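Undergrad: Protein chains in written order, with full-length UniProt numbering: chain X, 1 to 119; chain C, 1 to 119.
Note that the Cβ used here is the ideal one computed from N, Cα and C, for glycine as well.
This one's a predicted model, so the numbers in the text were calculated from it and none came from an experiment.
Number of protein chains: 2
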Amino acid sequence: MTGTDHSSDASTDGVLAALADPTRRRLLDLLADGGEATATALAERLPVSRQAVVKHLAVLAAAGLVVGGRVGREVRYSVRPEALNATAQWMAALASDWDRRLAAVKRAAEAAAPEADRG
Amino acid sequence: MTGTDHSSDASTDGVLAALADPTRRRLLDLLADGGEATATALAERLPVSRQAVVKHLAVLAAAGLVVGGRVGREVRYSVRPEALNATAQWMAALASDWDRRLAAVKRAAEAAAPEADRG
DNA sequence: TTCATGTGCAACCCGAGTGTTGCACATTCA
DNA sequence: TGAATGTGCAACACTCGGGTTGCACATGAA
Chain X
1 MTGTDHSSDA
11 STDGVLAALA
21 DPTRRRLLDL
31 LADGGEATAT
41 ALAERLPVSR
51 QAVVKHLAVL
61 AAAGLVVGGR
71 VGREVRYSVR
81 PEALNATAQW
91 MAALASDWDR
101 RLAAVKRAAE
111 AAAPEADRG
Chain C
1 MTGTDHSSDA
11 STDGVLAALA
21 DPTRRRLLDL
31 LADGGEATAT
41 ALAERLPVSR
51 QAVVKHLAVL
61 AAAGLVVGGR
71 VGREVRYSVR
81 PEALNATAQW
91 MAALASDWDR
101 RLAAVKRAAE
111 AAAPEADRG
C-alpha cells in the first residue's frame with residue numbers, strides 16, 4: 001500500500017489525450033510559433049480541412065492547452081502554457097516516484113541476498 | 001522561423017500515445033506499486049480480460065515504459081523510468097518554450113503600443 | 001504421464017475518433 | 001445593398017483501438 005494513484009488525474013487526463021495526436025501537436029507548434037492564428041489560417045498549413053482543424057482545436061481547448069477569442073468575424077487561437085506545465089510536473093513526479101520504488105526494491109533484494117544466501 | 005519543431009519526436013510519440021489510455025496508466029501504477037507482475041496477475045486487479053492487458057503491455061513495452069522478462073512459464077513485467085523521464089523533460093522544454101514565445105509577443109505588443117498610438 | 005497453470009495467437013465485434021462534404025449564418029468592405 | 005470571407009453546425013464514411021472469446025502450446029507440479 002505504498003500506492004499513490006497517478007493513473008486518474010482529471011486535468012492531466014485531457015492533456016495527455018490531446019497530446020497523443022500528431023496533428024494536434026503540430027497545431028500547437030504552429031500556434032506557439034506564430035503566437036496567434038485562426039482555424040482557417042492553420043488549415044492552410046496542414047494537410048487537412050478547416051473543419052478537422054476546428055475539431056482538433058476544440059479538443060485542445062477542452063484540455064486547456066489553447067484558448068480562442070473572437071475578433072470581429074474571426075476566432076484567434078493562442079497557446080496556454082499552464083495546463084502543459086502542470087502535466088509536465090505530474091509526469092516528472094511520476095517518474096521520480098518510479099525511481100524511488102525501483103531503488104527500494106533493489107535495496108531490498110540486495111539486503112536479502114548480498115551475494116548468496118548466508119544462513 | 002523561430003520554429004523548433006516539437007511535434008514529431010519519435011520516442012516521445014509512443015510514450016504520449018501509451019499514456020493517453022487510462023487503463024494503461026492504471027497498469028503502470030500497479031506495476032510501479034508492486035514492482036513486478038504477470039499479465040494474468042494484473043488482469044485480476046482490472047475490469048478487463050488478460051488478453052486486453054497483454055495488448056496494453058505490448059503498447060507500453062513498445063513505448064519503452066515497461067519491460068517483460070520470462071521466468072519459467074510466466075512473463076514478469078516491470079516499469080522502466082527512462083522513457084518517462086525523457087518525455088517529462090521534453091514536455092517541460094516545450095512548456096518553457098511556450099512561455100518564452102508568449103513573453104516575447106507580450107513585450108513586442110507593449111513596445112509597439114505603450115498605452116495608445118503615439119505617432 | 002497427467003493435470004493445472006500461464007502464455008501466445010487469431011478472429012471477431014463495436015464504439016469512438018478523425019476526416020470529409022455541404023450548407024447556413026455572421027461580418028466586413030466596396 | 002451585394003459580394004467576399006470566415007465561422008458554425010450536421011450528416012456521413014472510414015479507420016483504428018480496445019475488448020472479447022476460443023483454442024493451441026509450453027511449462028511446472030503431482
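Could you tell me how far apart the beta carbons of X:L65 and X:L28 are, in whole angstroms, since I believe they sit closer than 8 Å?
TA: About 6 Å; that satisfies the 8 Å criterion.
Undergrad: Answer with yes or no whether the minimum CB distance from X:R70 to chain C is below 8 Å.
TA: Output row for X:R70: interface = no.
Undergrad: Looking at chain X, is there any beta carbon in it that lies within less than 8 Å of the beta carbon of C:D117?
TA: Residue confidence is low: C:D117 scores 43 on pLDDT, short of 50, so the model does not pin down where it sits. Its coordinate-derived value is still stated next. False, the Cβ-Cβ gap to chain X never drops below 8 Å.
Undergrad: Distance check for C:D13 and X:E36, CA to CA, integer angstroms please.
TA: Going from the Cα of X:E36 to the Cα of C:D13 covers about 25 Å.
Undergrad: Count the other CB atoms, across all protein chains shown, that sit within 10 Å of the CB of C:R101; report buried if there are 16 or more and exposed otherwise.
TA: Buried, since its Cβ has 16 or more Cβ neighbours within 10 Å.
Undergrad: Which bits of chain X does C:T87 rub up against, with CB to CB less than 7 Å?
TA: Residues of chain X passing the Cβ test: M91.
Undergrad: List, in order along the chain, the chain C residues whose C-beta lies closer than 9 Å to that of X:G64?
TA: Neighbours of X:G64 on chain C: none; closest Cβ ~13 Å, over 9 Å.
Undergrad: Is it buried or exposed, C:P81, if we count other Cβ atoms within 10 angstroms and call 16 or more buried?
TA: It is buried - the Cβ of C:P81 has at least 16 other Cβ atoms within 10 Å.
Undergrad: Within the same chain, show all residues whose beta-carbon is closer than 7 Å to that of X:A62, passing over the 5 residues directly before and after it, in chain order.
TA: The residues are G14.
Undergrad: Determine the DSSP secondary structure at C:R76, reduced to helix, strand or coil.
TA: Three-state result, C:R76: strand.
Undergrad: Would C:T38 and C:R76 be called neighbours here (beta carbons separated by less than 8 Å)?
TA: Contact: yes.
Undergrad: Pick out the complete beta strand (DSSP E) segments inside the UniProt domain "HTH arsR-type" (4-99) of chain X, 3 residues or longer, and give them in chain order.
TA: Runs found: 66-71 and 74-79.
Undergrad: Please classify X:T87 as buried or exposed, where buried requires at least 16 neighbouring CB atoms within 10 angstroms.
TA: X:T87 should be labelled buried.
Undergrad: Taking only three categories from DSSP, how would you classify C:G119?
TA: Reliability fails at C:G119, whose pLDDT of 31 lies under 50, so the model's placement of it is uncertain and no value is given.
Undergrad: Short check: CB of X:A32 to CB of C:W98, under 8 Å?
TA: Contact flag set, yes.
Undergrad: For residue 124 of chain C, would you say it is in contact with chain X, using Cβ-to-Cβ distances shorter than 8 Å as the test?
TA: What is shown of chain C runs 1 to 119, which leaves residue 124 of chain C out entirely.
Undergrad: What residues in its chain sit with their C-beta under 7 Å from that of C:L42, if we drop five residues either side in the sequence?
TA: Closer than 7 Å at the Cβ level, and outside the excluded window around C:L42, lie L27, L30 and V53.
Undergrad: Going by beta carbon distance, what residues of the same chain come within less than 7 Å of C:A83, once the five residues before and after it are set aside?
TA: Closer than 7 Å at the Cβ level, and outside the excluded window around C:A83, lie S11, V15, A63, G64 and L65.
Undergrad: Report, in whole angstroms, the separation of the C-beta atoms of X:A92 and C:A92, which I expect to be a contact under 8 Å.
TA: About 7 Å separates the two Cβ atoms, so the contact holds.
Undergrad: Counting only Cβ-Cβ distances shorter than 7 Å, please list the residues of the segment 43-60 of chain C near chain X, keeping chain order.
TA: Within the segment 43-60 of chain C, no residue has a Cβ that lies closer than 7 Å to any Cβ of chain X.
Undergrad: Using a C-beta cutoff of 8 Å, does X:G35 count as contacting chain C?
TA: By this cut-off, X:G35 is an interface position.
Undergrad: Do C:D46 and C:T23 have their C-beta atoms closer together than 8 Å?
TA: This sequence places Leu at residue 46 of chain C; Asp is not what is there. Result yes, Cβ atoms of C:L46 and C:T23 sit closer than 8 Å.
Undergrad: If the cut is a Cβ gap below 7 Å, which residues of chain C does residue 128 of chain X touch?
TA: The question about residue 128 of chain X has no answer, for chain X in this structure spans 1 to 119.
Undergrad: Give me the residue from C:R25, C:L94, C:T40 and C:A108 with the minimum Cα distance to X:H6.
TA: Here the closest residue by C-alpha is C:R25.
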